[in-house]
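Accompanying notes for the structure given below.
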Amino acid sequence: MALRERPLSPHLQVYRWQITMVMSILHRASGVLLTLAALGLAWWLLALDAGGDHYMRAARLLASPFGLIGLFGISLALVYHLLNGVRHLLWDMGWGFEISDTYRSGWAVAVLTIVLTAAIWYSALGAHA
Amino acid sequence: MSNIGTAGAPDRAPRPDYRTPLKRVRGLGSAKSGVAHWWRQRITAIVMLVLIPWLVGLFVSFVGVDAESARHAVARPWNTVALMAFVIAGFWHAKLGMQVVIEDYVHVRWLEVTLQVLVTLACALAALASLYALIHIAVTTAPYYR
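Going down the list, the protein sequences come from chains H and U.
Just so you know, we're using our numbering here: the first sequence kicks off at 1 and counts up by one.
Just so you know, we're using our numbering here: the second sequence kicks off at 130 and counts up by one.
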């Protein structure tokens with residue numbers, strides 16, 4: 001393929017940071033993280049099937065500080081990607097394209113992400129405290 | 130009165146067709162797959178949207194329980210079915226999303242193609258391994274309820 005210098009549109013760094021752009025970047029980043037997490041789910045299911053020491057090793061790793069930080073990140077990414085995904089589905093149906101709507105839905109996703117992630121961890125850990 | 134028959138949207142004129150004859154001849158466009166990618170991404174998303182609240186509840190219930198209890202919960206018929214559906218939709222959705230990320234950011238052709246193949250194989254392998262584990266757990270764990 002012939003490579004030729006072609007004019008490029010401005011890159012991200014020329015723009016002032018704004019919530020719509022941050023949300024878009026985070027949607028992709030959380031998606032990539034969740035792909036890795038999905039591989040972790042396959043590993044956990046295989047460990048559960050193998051049982052015994054295999055499962056105990058997996059459970060210990062997940063309960064370690066490293067594992068808990070990983071799980072927290074995954075839960076945050078999951079809730080965020082899910083909620084922002086709903087935002088995308090609504091856009092697909094033609095809803096919420098006004099600038100003010102995109103800002104409002106963006107903030108709603110941000111706040112709900114924190115609330116729902118906190119609720120998940122409260123029910124996961126609070127029940128045992 | 131050209132709007133008769135468009136009840137509820139009187140301001141909306143019939144949509145003109147902007148496609149050129151060439152576009153119609155070429156059918157599925159430059160990607161050679163039409164809008165299939167877009168639709169599959171949305172359908173798998175909606176499947177997961179339904180399943181995730183349920184499965185998050187299931188996984189939260191695994192905190193602090195032993196392997197046997199977790200195994201019995203996974204082996205419950207509807208939990209197995211929900212997890213199998215989630216694994217299929219999830220790895221499919223992941224493959225479609227990673228495909229777009231790679232298309233957008235990797236501009237060295239051989240590397241791009243290599244990554245696309247690796248992502249596809251990794252997602253297929255992980256999905257098959259997950260389904261194997263789920264089926265094996267289901268058929269080797271009895272009784273289903275306790």
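All C-beta atoms in this analysis are idealised placements derived from N, C-alpha and C, irrespective of residue type, glycine included.
8 Å Cβ cut-off: residues of chain H touching residue i
i: U:VAL265; result: The sequence given here places His at residue 265 of chain U; Val does not occur at that position. The contacting residues are ASP49.
i: U:ALA223; result: GLY31, LEU34, THR35, ALA38
i: U:ALA98; result: The structure shown has nothing for residue 98 of chain U, since chain U only spans 130 to 275.
Closer than 8 Å at the beta carbon, the chain U residues around residue i
i: H:ILE120; result: VAL185, VAL189
i: H:VAL115; result: Per Cβ cutoff of 8 Å: no residues; H:VAL115 is ~14 Å from chain U at best.
i: H:SER9; result: In chain order: nothing, as chain U lies at least about 13 Å away.
i: H:ALA124; result: VAL189, VAL192
Per-residue DSSP class, three states only, for residue i
i: H:TYR122; result: helix
i: H:ARG60; result: helix
i: H:PRO7; result: coil
i: U:THR209; result: helix
i: H:TYR102; result: Reading off the sequence shown, one finds Thr at residue 102 of chain H, where the question assumed Tyr. H:THR102 falls in the helix class under three-state DSSP.
i: H:GLY96; result: coil
i: U:ALA251; result: helix
i: U:VAL194; result: coil
i: H:TYR80; result: helix
i: U:VAL265; result: As written in the sequence, residue 265 of chain U is His, which differs from the Val given in the question. Helix at U:HIS265.
Chain-ordered chain H contacts of residue i [CB-CB under 9 Å]
i: U:MET227; result: GLY31, VAL32, THR35
i: U:LEU178; result: LEU82, GLY85, VAL86, LEU89
Test: residue i CB closer than 9 Å to a CB of chain H
i: U:ARG171; result: yes
i: U:VAL214; result: The question names Val, but residue 214 of chain U is Ala in the sequence shown. Not an interface residue.
i: U:TYR261; result: yes
i: U:ARG200; result: yes
i: U:ALA251; result: yes
Closer than 9 Å to chain U by CB, residue i
i: H:MET23; result: no
i: H:LEU112; result: no
i: H:ARG104; result: no
7 Å Cβ cut-off: residues of chain U touching residue i
i: H:GLY94; result: Ordered by position in chain U, no residue passes the 7 Å Cβ test against H:GLY94, which lies about 12 Å from the chain.
i: H:TYR55; result: ALA196
Neighbouring residues, chain H, relative to residue i (Cβ below 7 Å)
i: U:ALA255; result: ALA38, LEU39, ALA42
Under 9 Å from the C-beta of residue i: neighbouring residues of chain U
i: H:ARG28; result: GLY226, VAL229, VAL230, ASP233
Problem set entry | At least 3 beta-carbon pairs within less than 8 Å: the stretch 67-74 of chain H vs the stretch 94-102 of chain H | no
For this session: Pair every Cβ in the stretch 78-92 of chain H with every Cβ in the stretch 19-27 of chain H, then say whether three or more of these pairs are closer than 8 Å.
Result: yes
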